[in-house]
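>
Number of protein chains: 2
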Amino acid sequence: MDSRRKPWVILSSLVLLVTFLLYYSSWTTQRTPLKYAEQAISKPAFKAPKENIWAELSEREAADVNAFILKEYAHLNLTEQPKNANENSIFFVETLRPNKTDAVPYLHGHGEIPQRYAKAAISMEIDGLPHMVYYMVGPLPISSESKISPLQYVFNNGKNSVQNPVSDFFALMDYCIELGVSISDITQNLLGASVNQKNPEDPNGLMAFPRPTPIETGEGGLILWIQFQRPGFGSGGRTLLPQGLYAKVDASSENRAEWKPKKFYYNGVLYNSEDEIRAAMSDPDFVRVPTNIDGPWTDTEDFDSQPDGREMPPPVSIQPYGPRYGLDRTQRFISWFGFEFYITTAQATGVSLFDIRFKGERVMYEVGMQEALSHYAGNQPMNGGLEFLDTFFGMGKKSFELVPGYDCPAHADYLDIEYHELNKTHKIPNSICIFEFTADHLLSRHSAQYSVTASRNTFLTVRYVSTVGNYDYDFSYIFYMDGTMEVKVRASGYIFAAFYSADEKHEKGEYGHRIQDALESSMHDHVINFRADLDVAGEKNEMVRMAVEPVTKTFSWDQPENPSRNTMHLVDYPVTEETGLDWPKNSREFYLVRSTEQKNAWGQPKGYRITSGTGMGNPPHLTIVNSTVLGESGRWAEHDIWALRHKDTEPRSADPLNYFATHEPLVDFKKQANHESFEDEDFNGDMVFYFNLGAHHVPHSGDVPNTLMHTSASSVMFVPHNFCDRDPSRESVQGVRLQLKGHRSGGFAGEEFDEPNGDLRSRMDRHSHEEKKKKKTKAHYFGQTYEEGMKVPLEALEPNQAGYISEQNFVSDLGFNGSAIGAWHRDEA
Amino acid sequence: MDSRRKPWVILSSLVLLVTFLLYYSSWTTQRTPLKYAEQAISKPAFKAPKENIWAELSEREAADVNAFILKEYAHLNLTEQPKNANENSIFFVETLRPNKTDAVPYLHGHGEIPQRYAKAAISMEIDGLPHMVYYMVGPLPISSESKISPLQYVFNNGKNSVQNPVSDFFALMDYCIELGVSISDITQNLLGASVNQKNPEDPNGLMAFPRPTPIETGEGGLILWIQFQRPGFGSGGRTLLPQGLYAKVDASSENRAEWKPKKFYYNGVLYNSEDEIRAAMSDPDFVRVPTNIDGPWTDTEDFDSQPDGREMPPPVSIQPYGPRYGLDRTQRFISWFGFEFYITTAQATGVSLFDIRFKGERVMYEVGMQEALSHYAGNQPMNGGLEFLDTFFGMGKKSFELVPGYDCPAHADYLDIEYHELNKTHKIPNSICIFEFTADHLLSRHSAQYSVTASRNTFLTVRYVSTVGNYDYDFSYIFYMDGTMEVKVRASGYIFAAFYSADEKHEKGEYGHRIQDALESSMHDHVINFRADLDVAGEKNEMVRMAVEPVTKTFSWDQPENPSRNTMHLVDYPVTEETGLDWPKNSREFYLVRSTEQKNAWGQPKGYRITSGTGMGNPPHLTIVNSTVLGESGRWAEHDIWALRHKDTEPRSADPLNYFATHEPLVDFKKQANHESFEDEDFNGDMVFYFNLGAHHVPHSGDVPNTLMHTSASSVMFVPHNFCDRDPSRESVQGVRLQLKGHRSGGFAGEEFDEPNGDLRSRMDRHSHEEKKKKKTKAHYFGQTYEEGMKVPLEALEPNQAGYISEQNFVSDLGFNGSAIGAWHRDEA
């Protein structure tokens, strides 16, 4: 009956091995930056000082862990390719990152390297219901010491498992198709199309999808809202093609045959049965409203338009001498002008950085994305109840090969992302890029009487892009020469739009703008949570809100003219307990994280400032108060920044499986941010911070076809504040000092104090054409500059995309790649 | 006695003419962008559709206006090179920009070109006191119709003149030197140096300067606070070298011989006379505190440091085919991918843009800087009373030639700034740059099942840099392909630091951080005001605060599972009267300016959003409430955005001469933003907006030697919001669509719906190495791309700075170039 997925051959380990080898051979075409200048500098091999203790499991480690679990937990009858959640399986294995208290003695002292552990998510039946259960496995490598134990200490609801509300994902998807077929008369009549069971991807057909999880559970049951979209295969933009018909299904029964649509919603009216909507449709006054049909308007490209200028290629960045950073590909360690850090990845959360140091001093133990929520609002059952917690879908897993020369400059370096799912290792080639870039503006400049100094703003970026269904997120970690660090997210892709009916009786514009004949833009909030475990010059830190405040002051020197003076001053407000903070009104507070032990040469505590950065204004937090759908799973979204005590038992603000149990999540952030004191004696001074990026997104016509990254950007920056004794970028930066006269700078630009004996005539002489030829401005460079022209190869201007490896943006070659739900496979029905 | 300035020769007009010619010849080395690709495209000459009616006066026009005034106002005995404010003179002439109501019929209809007028500032005596008086002169060219009349209609205090509080600037400066010399015993004892009257710029001496205006007037008198700095000639950083000694002088008398220091302030103690401080110094318990000595720590360059990577040049932007914009140099008109606008300049306010259109529709009549205030706070007489209104110093006049390849990419175009002061035309060559730049990130992207589309974010920038004493401001107007426009200011240069004494008894850190032995960072606010005369799809506009608000809703389709739902919705709050707005808490309001007449294809009013942009979070407004020194001159700094009725009588929010009369300014913004209704029938719908950029700047050790531009940036953006029917960048952008399979996009990336007949074995085959070689990814480009490698000349990588023209960053070659005060010259004493 279901023709979509033919039988999955049960593979022998031999076949698996061959598969791996084939993959490996195709993935070895690793992109590395070109060096094409004659003097291209060949650097010695660069080595990290320590091992990357956060590294994702190697393929060998993952295979060993899987084998160990299969052996030790043989009683679970673990299947390598499960058909549904009732078949037990190892969903994924990944590194269980070491506790910081074990890592720090290794990193910053002579401590032993922390023992290595894996985390395993096992899909298994408990009390007859499907669950996802976390275990820790180790120490690694597997030995007689190794064991499997429930992983519980990193969660705070007393459990290590979550019930899976959907026992058979494919059955659910099939039900949607069956439902569509069963009401073909209705869809054909109202929408001009119907679900094609033989070819569910029929471009002229309809697709039927349930509203994503969490699916509402009334009294333990499962309630589905199913909507119809056109597939939009011409552009991939099916979220722009809602059809305005929704069916509500009680899917509580184990027996799918008992599932029936109980309600229909169309054009603002709720119908209590199929018969009721059929009856209504036969009424001559029944209003049919236009629907959304795919067309060139969803195309993400305009190949034909030829405005002036498009016949020429745009400016492009080149880097003829190769990269200036050191990259240890084995340890995934980078060193760049004083910054040093390790890169690691996880299938759910993408790229994290660890042990970030600047000029040899500790700045951050960890920074990484925790969860990305998008929460919609609307007047109909789909967008009105729509919410995503995207790590559930695997934001690392959902990254793809980056487009060289576009996602990253042609001169970027690339790393792969690997993850281990269903007993296989998957490699996403060239999915992290690293590059230096010179901004279009300076880092610093000063024009004086006889000199001008200009220093270039060249920065380092580590980037990956995660495409979760309709949306592409660009995650960038950016480093600047003065010690500033930035975390920036840009979003693009198709919005998840809502159906628009001119006829429907609700307040127009209450949830978005009309952006097409039958389309409304559907307001939503993006809140993307990051952990920043700052260790500013060590672990012992404090946080102070340094406020800029108006004040009236009386000064002795001001008398008698000003009995008092309206001015301003600084007031420090220590953050004394775990709390959430918002970006201050009028930007009038500096959020400083300062060492309580280390001071700079001037006696100032070494500090970093946490500030909203170069996104669009201040990143927002969630608008909705006590969201009905989010439950306890988005408490981190309620403020902009959180200051917490560091605890090994609280390594994250969220867990991907929170999406399965939003009201009783594995990680309940509210229990972490629970007002514990920073002033108690038992507190060791190690603070950890969470912050949110995102946007209140009210898309408009310019979001069609795709949201644009330049205006969807949000950023938080960590800026040194008295961290060094003086601006450290001076030591690294490349620039020029123009000496206009003599060898000093003189006074302010434009001043002419120094002409004690000059009259106008003699000065004019100096400006004469003859003189001009002789007196060239002297340019003194700091840092290396370009010394000669060069031949730039095409690859440096326009990388050959034929090397792009992914054939169809696959991640997994084994089955539907979507989520924990989507891990299952089936034999032919 | 004063050896600094020898006699200024009175020049005949012949000499002046020669001077002009000499200048002109040296300025003709105009930089234009290189084209070096073989296929470099030669575009036909590009012409503006209309005349630039805002253009600065030509040299000829200015000379004619000056001559006309000299003739008509012969009774004023106008001197070409005045010695002090008691000698009448024409300080400057510039274009009096046409009234918008005259300009619009010309620009957007068949109206006559508006009559051209000049504005003249005449320094003259009124009732025995020096004044600066504004006149309008025209129509131009000068004819029998032309006349001179008081320019009053653009001011709102009923006057066209301001009293000049300082009648003899040089006398004041000389007094400071005399004072220094007269207390050499004190300065030598406390500061280890003294003022060198014979060589006031002695690098080992002291410099004495009065606290800048407004100088406090007690009962009409003139009170000066004079401080001592080391000259810091090695780096130009004298504002980092305060010495901690301050003298208070009553300078009310016309007779300078009567001026005497009445108080001294040192190390927190106020002394009532010279004798008192001398007596205190002889006390063995008197505390002498360390002072600030120049050294390498103020150097803006580190030539010697060689960290890894500095031996290689950084990435650089090239543009081998030349610019893709059209530039009419005569009319200063630019056209770039749908954007069109005119550029003009003014000596006080720098670059403004006029008649900005996008895709043929009106967006903005005018955008330009109005005033830049910096307001300090501190516990001593200098920084405690320090405040600047920088247009007074001439922020256009204070721009300098830009450093090619550094201030702007090597491929930038340049324009000059001209102004007319004291009967001369001054040209600042290559002081405005125009360039395209490709960002390090995309404008849009989407990864689908079978395709990836990536569009480059190439933007256009118009930039100039103004150096007002210690600080460099980078002003950038930035245009994006989707119709977004950005106004961005970055600051660098030396901070104006305060003296720090460890001994002094005040709360440390109340006004800044210690950043050197004897230096405190001195908190200050920068508030930089811009006018944005939005005409979104025409003049008839409205402003709405579209708020994103939490709400609890009951939906029919939600029953019975959710009796009500916590969600959010949009609420429109019309702005009904002239008012100041602040950036909203949690970014939760969209400030939309919408046409009340024009709608897009979907019935949405065409709109633009005003939003805080890519600076550091939200730009702030002034902290200080009712500043004692600012008086009524900074009312525009009290909120972030202002919405006003457009009036020809209110073309600006400030006037440079407000600095002379802060409590009774020529332009009192509060009288403009006076709550007039936008709903009255008499209102024609033409709104004008003001917005502020800037920063609460609490400098720290990393601000030494110079503040850094990447973190000092602030920005406001104007983003289309339902302005077009669809994203217009699609028509302009350059990018690539990678077709991984077939010719469609398929579904979401990572989905594998389309393998109805595929089993694993056959799919593995397709991924085999052999297959991979055959099946290359197809790259489909939109917009032109690079087709071949090329030889890039050195000039494109590293422009030859020997072509930098300014010999010593002069602006005026005639005397001290600083301010209206600084316009005077003197014969030998």
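Those sequence lines, one after another, are chains A and B.
With UniProt numbering as the guide, the letters of the first sequence map in order to residues 1 to 829.
With UniProt numbering as the guide, the letters of the second sequence map in order to residues 1 to 829.
Backbone N, C-alpha and C fix where the C-beta goes; we use that ideal spot for every residue, glycine too.
Computed from a predicted structure; not experimentally measured.
#1: State yes or no: is the beta carbon of Thr554 (chain A) nearer than 8 Å to at least one beta carbon in chain B?
#2: Below 8 Å, how does it come out for the stretch 694-709 of chain B and the stretch 308-326 of chain B: are there three or more Cβ pairs, yes or no?
#3: Hey, could you find the ends of the beta strand (DSSP E) Pro139 (chain B) is sitting in?
#4: Based on the DSSP output, what are the partners of Arg357 (chain A) in its beta bridges?
#5: Does the stretch 576-595 of chain B come into contact with the stretch 603-623 of chain A, if we say contact requires no fewer than three beta-carbon pairs (one atom in each stretch) closer than 8 Å?
#6: What does Phe590 (chain A) touch in chain B if you count any residue whose Cβ is under 9 Å from its own?
#7: So, with DSSP's three-state summary, where would you put Asn189 (chain B)?
#8: With 16 as the cutoff for other CB atoms within 10 Å, does Gln573 (chain A) come out buried or exposed?
#9: Determine the DSSP secondary structure at Lys198 (chain A), reduced to helix, strand or coil.
#10: Does the Cβ of Asn470 (chain A) lie closer than 7 Å to at least one heavy atom of the ligand NAD?
#11: For Ser455 (chain A) and Val704 (chain A), what's the separation of their Cα atoms in angstroms?
#12: Grab me the residues of Asp472 (chain A)'s own chain with a C-beta within less than 8 Å of its C-beta, minus the 5 sequence neighbours each way, in chain order.
#13: Can you check DSSP and say which residues form a bridge with Ala491 (chain B)?
#14: Give the residues from the stretch 428-457 of chain A that approach chain B closer than 9 Å (Cβ to any Cβ), ordered along the chain.
#15: How long is the line joining the alpha carbons of Phe475 (chain B) and Asp648 (chain B), rounded to whole angstroms?
#16: Mapping DSSP to helix, strand and coil, what is Leu657 (chain A)?
#17: In whole angstroms, what separates the C-alpha of Arg445 (chain A) from that of Asn706 (chain B)?
#18: Report the residue from B:Glu201, B:Thr95, B:Glu597 whose alpha carbon sits nearest the alpha carbon of Pro141 (chain B).
#19: Spatial neighbours of Phe233 (chain B) within its chain, please: C-beta separation below 6 Å, excluding the five flanking residues on both sides.
#20: Determine the closest residue to Leu740 (chain B) out of B:Gly111, B:Thr453, B:Ala118, B:Gln306, with distance taken between C-alpha atoms.
#21: Select from B:Gln188, B:His375, B:Leu129 the residue whose C-alpha is nearest the C-alpha of Pro550 (chain A).
#22: What residue range is occupied by the uninterrupted alpha helix (DSSP H) comprising Leu179 (chain B)?
#23: For Ser143 (chain B), write down the residues that DSSP places opposite it in a beta bridge.
#24: Taking only beta-carbon positions, decide if Ile624 (chain A) is within less than 8 Å of chain B.
#25: Does the separation of the CB atoms of Ser89 (chain B) and Thr79 (chain B) fall below 8 Å?
#26: By alpha-carbon positions, which one of A:Gly512, A:Ser653, A:Lys599, A:Ala749 ends up nearest to Glu361 (chain A)?
#27: Report the CB separation of Gln347 (chain A) from Phe530 (chain A) in whole angstroms; it is logged as a contact under 8 Å.
#28: With a threshold of 8 Å between beta carbons, is Phe660 (chain B) in contact with chain A?
#29: At a Cβ threshold of 8 Å, is Ile515 (chain A) touching chain B?
#30: Which residue or residues does DSSP assign as beta-bridge partners of Ile148 (chain A)?
#31: Quick one: what's Asn566 (chain B) bridged to in DSSP?
#32: Strictly by DSSP, which residues pair up with His721 (chain B)?
#33: Starting from the beta carbon of Val527 (chain B), find every residue of chain A whose beta carbon is closer than 7 Å, and list them in chain order.
#34: Please classify Asp517 (chain A): does DSSP put it in a helix, a strand, or coil?
#35: Under a Cβ-count criterion, where at least 16 other Cβ atoms within 10 Å of its own Cβ denotes burial, should Gly603 (chain A) be classed as buried or exposed?
#36: Quick check on Thr95 (chain A): does DSSP put it in helix, strand or coil?
If we stick to the structure as given:
#1: Walking along the first sequence from the start, residue 554 (chain A) turns up at place 554. The beta carbon of Thr554 (chain A) sits no closer than 8 Å to any beta carbon of chain B.
#2: Result no; under three Cβ-Cβ pairs closer than 8 Å.
#3: Within the second sequence, numbered from 1, the residue matching residue 139 (chain B) stands at position 139. Judged by DSSP secondary structure, Pro139 (chain B) falls within the beta strand (DSSP E) whose first and last residues are 129-140.
#4: Counting from one through the first sequence, the residue named residue 357 (chain A) turns up at place 357. In DSSP, Arg357 (chain A) forms a bridge with A:Glu340, A:Arg362.
#5: The answer is yes - the stretch 603-623 of chain A touches the stretch 576-595 of chain B, with three or more Cβ pairs under 8 Å.
#6: Here residue 590 (chain A) refers to the residue found at position 590 of the first sequence. What Phe590 (chain A) touches in chain B, judged by beta-carbon distance under 9 Å, is His696, Val698, going in chain order.
#7: Taking the first residue of the second sequence as 1, we reach residue 189 (chain B) at position 189. In the structure shown, Asn189 (chain B) sits in a helix (DSSP, three-state: H, G or I).
#8: By one-based count along the first sequence, residue 573 (chain A) stands at place 573. A quick correction: the sequence has Tyr, not Gln, at residue 573 (chain A). So Tyr573 (chain A) counts as exposed.
#9: Numbered from 1 along the first sequence, position 198 holds the residue referred to as residue 198 (chain A). Lys198 (chain A): coil per DSSP, three-state reduction.
#10: Ligands in the displayed structure: none, and consequently the ligand NAD is not present.
#11: Numbered from its first residue, the first sequence carries residue 455 (chain A) at position 455. Numbered from its first residue, the first sequence carries residue 704 (chain A) at position 704. One Cα belongs to Ser455 (chain A), the other to Val704 (chain A), and the distance between them is close to 40 Å.
#12: The sequence position of residue 472 (chain A) within the first sequence is 472, counting from 1. Cβ neighbours of Asp472 (chain A) within its own chain (closer than 8 Å, five residues either side excluded): Val465, Ser466, Ala491, Ser492, Gly493.
#13: Looking up residue 491 (chain B) in the second sequence gives position 491. According to DSSP, which records beta bridges pairwise, Ala491 (chain B) is partnered with B:Tyr473.
#14: For chain B, the residues of the stretch 428-457 of chain A that bring a beta carbon within less than 9 Å of one of its beta carbons are Phe435, Glu436, Phe437, Thr438, Ala439, Asp440, His441, Leu442, Leu443, Ser444, Arg445, His446, Ser447, Ala448, Gln449, Tyr450, Ser451, Val452, Thr453, Ala454, Ser455, Arg456, Asn457, in chain order.
#15: Here residue 475 (chain B) refers to the residue found at position 475 of the second sequence. Here residue 648 (chain B) refers to the residue found at position 648 of the second sequence. Cα-Cα distance, rounded: 26 Å.
#16: Sequence index remark: in the first sequence, residue 657 (chain A) carries index 657 (1-based). Reduced to three states, the DSSP call for Leu657 (chain A) is helix.
#17: Residue mapping note: residue 445 (chain A) aligns to position 445 of the first sequence, counting from 1. Residue mapping note: residue 706 (chain B) aligns to position 706 of the second sequence, counting from 1. Whole-angstrom Cα-Cα distance: 8 Å.
#18: Within the second sequence, the letter at position 141 stands for residue 141 (chain B). Measuring from the Cα of Pro141 (chain B), the nearest candidate turns out to be B:Thr95.
#19: Within the second sequence, residue 233 (chain B) is the residue found at index 233, counting from 1. In the same chain as Phe233 (chain B), and ignoring 5 residues on each side of it, the C-beta atoms closer than 6 Å to its own belong to Pro203, in chain order.
#20: The residue labelled residue 740 (chain B) in the question sits at position 740 within the second sequence. Looking at B:Gly111, B:Thr453, B:Ala118, B:Gln306, the one whose alpha-carbon comes closest to that of Leu740 (chain B) is B:Thr453.
#21: In the first sequence, residue 550 (chain A) corresponds to position 550, counting from 1. Considering only alpha carbons, the answer is B:His375.
#22: As a position in the second sequence, residue 179 (chain B) is number 179, starting the count at 1. It spans 169-182 - the alpha helix (DSSP H) in which Leu179 (chain B) sits, taken as one unbroken run.
#23: In the second sequence, the residue the question calls residue 143 (chain B) occupies position 143. Beta-bridge annotation (DSSP): Ser143 (chain B) is not paired with any residue.
#24: Within the first sequence, the letter at position 624 stands for residue 624 (chain A). Yes - at least one Cβ of chain B is within 8 Å of the one on Ile624 (chain A).
#25: Residue numbering aside, residue 89 (chain B) sits at position 89 when the second sequence is read from its first letter. Residue numbering aside, residue 79 (chain B) sits at position 79 when the second sequence is read from its first letter. Yes. Within cutoff.
#26: Translated into positions along the first sequence, residue 361 (chain A) becomes position 361. Out of A:Gly512, A:Ser653, A:Lys599, A:Ala749, A:Lys599 has the C-alpha closest to the C-alpha of Glu361 (chain A).
#27: Taking the first residue of the first sequence as position 1, residue 347 (chain A) is located at position 347. Taking the first residue of the first sequence as position 1, residue 530 (chain A) is located at position 530. The distance from the Cβ of Gln347 (chain A) to that of Phe530 (chain A) is about 18 Å, inconsistent with a contact at the 8 Å cut-off.
#28: Working through the second sequence from its first residue, we reach residue 660 (chain B) at position 660. Not closer than 8 Å to any Cβ of chain A, the Cβ of Phe660 (chain B) fails to qualify, so no.
#29: Sequence index remark: in the first sequence, residue 515 (chain A) carries index 515 (1-based). Interface with chain B (8 Å Cβ-Cβ cutoff): Ile515 (chain A) is included.
#30: Residue mapping note: residue 148 (chain A) aligns to position 148 of the first sequence, counting from 1. The partner list for Ile148 (chain A) (beta bridge, DSSP) reads A:Val137.
#31: Here residue 566 (chain B) is taken as the residue at index 566 of the second sequence, counted from 1. B:Thr552.
#32: Start at 1 with the first residue of the second sequence, and residue 721 (chain B) comes out as number 721. BP columns for His721 (chain B) point to B:Gly607.
#33: Here residue 527 (chain B) refers to the residue found at position 527 when the second sequence is read from its first residue. By Cβ distance, chain A contributes nothing, its closest Cβ being about 11 Å from Val527 (chain B), past 7 Å.
#34: For this step, residue 517 (chain A) is matched to residue 517 along the first sequence. Note: Asp517 (chain A) maps to coil in three-state DSSP.
#35: If you number the first sequence from 1, residue 603 (chain A) lands on position 603. With fewer than 16 Cβ atoms within 10 Å of its Cβ, Gly603 (chain A) is classed as exposed.
#36: By one-based count along the first sequence, residue 95 (chain A) stands at place 95. The answer is strand: DSSP assigns Thr95 (chain A) an E or B state.
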